[in-house]
Every structure is written in structure tokens, then in C-alpha cells.
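Peer 1: Residue numbers (the UniProt record's numbering): 1 to 350.
The C-beta atom is built at its ideal place from N, Cα and C for all residues, glycine as well.
Computed from a predicted structure; not experimentally measured.
1. Could you tell me which of 117, 52, 62 and 3 sits nearest to residue 23, measuring between CA atoms?
2. Between which two residues does the beta strand (DSSP E) containing residue 265 stretch?
3. If you draw a straight line from the alpha carbon of residue 300 to that of residue 204, how long is it in whole angstroms?
4. Can you list, in chain order, the residues of its chain whose CB lies under 6 Å from that of residue 127, leaving out five sequence neighbours each side?
5. Classify residue 58 as buried or exposed, calling it buried when 16 or more other Cβ atoms lie within 10 Å of its own Cβ.
6. Measure the C-alpha to C-alpha separation of residue 18 and residue 273 and round it to an integer number of angstroms.
7. From the DSSP output, in three-state form, read off residue 91 for me.
8. Please classify residue 83 as buried or exposed, where buried requires at least 16 other C-beta atoms within 10 Å of its C-beta.
9. Which whole runs of the beta strand (DSSP E) in the UniProt domain "Rieske" (9 to 110) are 3 residues long or more, in chain order?
10. The beta strand (DSSP E) with residue 251 in it runs from where to where?
11. Output needed for residue 201: all residues of its chain with C-beta closer than 7 Å, excluding positions within five of it in sequence on either side, in chain order.
12. Give me, in chain order, the residues of the same chain whose beta-carbon lies closer than 8 Å to that of residue 100; leave out the 5 immediate sequence neighbours on both sides.
13. Return the Cβ separation of residue 264 and residue 138 in integer angstroms, given the expectation that the two are a contact with Cβ distance under 8 Å.
14. If you drop the 5 nearest sequence neighbours on each side, which residues of the same chain put their C-beta closer than 8 Å to that of residue 327?
15. DSSP three-state label for residue 294, please.
16. For residue 75, count neighbouring Cβ atoms within 10 angstroms of its own Cβ and tell me buried if that reaches 16, exposed if not.
17. Quick one: grab the DSSP three-state call for residue 257.
18. Return the first residue and the last residue of the alpha helix (DSSP H) that residue 238 is part of.
19. Please name the residue or residues paired with residue 173 in a DSSP beta bridge.
20. Enumerate in chain order the residues of its own chain whose CB-to-CB distance from residue 29 is below 8 Å, with the five nearest sequence positions on each side excluded.
21. Got a sec, what are the start and stop residues for the alpha helix (DSSP H) residue 146 sits in?
22. Contact defined as beta carbons within less than 8 Å: I believe residue 1 pairs with residue 171. What is the distance between those atoms, to the nearest angstrom?
23. Do residue 206 and residue 302 have their C-beta atoms within less than 8 Å of each other?
24. Would the region 252 to 261 and the region 272 to 292 be scored as touching if the rule is three or more Cβ pairs under 8 Å?
25. Per DSSP, what are the beta-bridge partners of residue 203 in this structure?
26. At the level of alpha carbons, what is the spacing between residue 20 and residue 41?
27. Report the rounded CA-to-CA distance for residue 174 versus residue 55, giving the unit in angstroms.
28. Report yes if the C-beta distance between residue 80 and residue 98 is below 8 Å; otherwise report no.
29. Is the distance from the Cβ of residue 236 to the Cβ of residue 222 below 8 Å?
30. Are there 16 or more other CB atoms within 10 angstroms of the CB of residue 268, so buried, or fewer, so exposed?
31. Look at the alpha carbon of residue 297 and the alpha carbon of residue 186, and state the distance between them as a whole number of angstroms.
32. Which value, in whole angstroms, describes the spacing of the CA atoms of residue 102 and residue 293?
33. Buried or exposed for residue 87, going by 16 or more other Cβ atoms inside 10 Å?
34. Where do the N-terminal and C-terminal ends of the beta strand (DSSP E) with residue 222 fall, by residue?
35. Taking DSSP as the reference, what is the three-state secondary structure of residue 112?
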């Protein structure tokens, strides 16, 4: 699987990008910078100056809505174009590469993919609602592809072993172009109480998911942001928005504390497993394990259509596996890391 499926990714919270500051980032295997232009809108561009290679995030500064190179003073606008080069008779026609950018819901999103985006991530109302507390912000990285981070929500069986549910939940799945939704219930014991909650997971492309959990004791909206760091590593940033108790708002800090105690350790347990697992192109699924296949078929749209082994080739049940081991696809490690490597890999195999 290519390491960067096409779609929108959140690379910053808005509060982390203050006017007049340059922020260094590293995603998609690229050194990047973020800054706000003269109009206050965020820009995310490649970090290295095309003049002589200086990193614009290491000593660079924002001047009149442009980013200025710390080495020779070249300036670049929010659109990436060079607007000034001291001592040059003419301003060089060079630009910093970058991404289409959107900002809403307290997040800065970039679009990674060919051409201009044809769809958008909708606003997330809880992020600006007074009914919800300031989010618990938890970030971790693992040696795993971001697709498998997303598969976690539809992995029915793990809800028993990781999250304490008595048996795998039955989920409803719906897909509509780049959007998808999974619905189900989670019943578990927390501090001696049995908590029976519904959950709705709304997926906006490969990098953004909003999970709304509703129950009589606690309601939480989790914004799950999965972003490729490089060919080997992915980042999962979770923003948990806890609904304030309507009649007892002063209990909100206690609700957040209980949530931290119960939920964050489980996430860490999952990350530890992810960090050591391998990708199984054809996992041996049990009859009730339908979610992974459904998600992989939907997720396949975010990859180039000419992949040598496509994620949608996944069989529905163990009985659909090929009869002979020789019919199985090559080990996932044999797949090329980048779309541009596909033709070479195919030629070698042929």
C-alpha cells in the first residue's frame, strides 16, 4: 500500500499556529513548515529553501505575511512563490511545494493527492460547542500504516480483549463515496457500573474520523486524526471532547479524570500491538468479522487504481482463501512504498 492515501489530513491544531510564527512539521516523508499569511490564513509548504537548501523552520521568520529564509533572506508567500531575493536583478521564478489547506473545527487540514480536492471534511460542531469541555489531547506514533489504525474501529473481536466488551459487537456499515459510517453498541463495566453506550463512527477519507459515543453516564466525541509520518511510521492524534453533565457541570473534571484512567491506557495497549504487528493482505477472518473487509473495500478508493495487489481483493471468509499457498500474494513487504515504484515492481515480477 502506498504510504500516503489520497485525502485530507490534520497536521496542526489552530491554537498551535500563532500569527507571526513558523512551525516545523514532518509528515508524508517531507520536511514541512506552517505559517499564517498576511490574511491570517494558514499555509503549509515544503521546508527547504530552493536557493541553497536552508530549513525555513530553523531560524526562519514571518515578515509581512511571508516566510523569510534565515540564511540569505529570500522570502516566500503563502502560495509558495518567491517574492523577494536580496541582491537579485530579478526575483527568481521558484516556489516552495505545498498543499491545499483548510482551517475549521480548530484544526489545520492539508490535502495530499493529485490535483485539487473534490470533497471536503465537514465542520465538527463539538469543537466549538460550550456543551463540551476542552479536549483531552493525546498523540502517539506507531510503526503501522494508517489504514490499519482505521481498521481498528471495525475490528469486532478486539472489543472483547482490549475494551472489555463481553462479546463482539454487531455493527452497521454504510459508505458514500469518500465518506463512511459504522454504528454499534459498546457495553462494559467501569468502576463497578455497567455502561451501555451507542457509538457512531463517521469517516471522512483516510485521515479523519469522528466517533460519537452516547450513554446515560458519559457522552464523548473522539476526533481521531491518523496521518502518515513516513514510509514506516504513522501518527494518531486523538482529541476527546467530553459532554459536560447538564445538571452537574462542576463534575466535568471528574468525568475527564475517569475517562483518562479508563480509556487512554487501552489506546496505549493498542498502539503497543500496532507497533509490532505486520500487515496481513489476506487475514483469516471468522464469519462474524465482516468490518475489516467492508472498510478495506471502501478505503481502496484512496489509492492509485493500478496497485499490483489491491486492498479490495480481500476475501470475505477463510473459505475464500486460495487452495494452494503458491496462489497467495507476495509478502506485504515486497510491495513498493510509493506509487511511482509500481511499474518497476510489476516488471520485476513479470
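Peer 2: On the basis of the supplied data:
1. 62
2. Residue 265 -> not in any beta strand (DSSP E); alpha helix (DSSP H) instead, spanning 265 to 274.
3. 14 Å
4. 105 and 106
5. exposed
6. 36 Å
7. coil
8. exposed
9. 23 to 27, 30 to 36, 42 to 46, 61 to 63, 66 to 68, 82 to 84 and 101 to 104
10. Counting along the chain, residue 251 falls outside any beta strand (DSSP E), and DSSP gives it neither H nor E.
11. 153, 181, 182, 209 and 211
12. 110, 111, 116 and 117
13. 6 Å
14. Here residue 327 scores only 38 on pLDDT, less than 50, and its place in the model is too uncertain to base an answer on.
15. helix
16. buried
17. helix
18. Counting along the chain, residue 238 falls outside any alpha helix (DSSP H), though it belongs to the beta strand (DSSP E) covering 234 to 242.
19. 182
20. 3, 4, 228, 229, 230 and 231
21. 146 to 151
22. Not quite, the Cβ-Cβ distance comes to about 23 Å (not below 8 Å), so this is no contact.
23. yes
24. no
25. 180 and 209
26. 12 Å
27. 44 Å
28. yes
29. no
30. exposed
31. 25 Å
32. 31 Å
33. exposed
34. 220 to 228
35. strand
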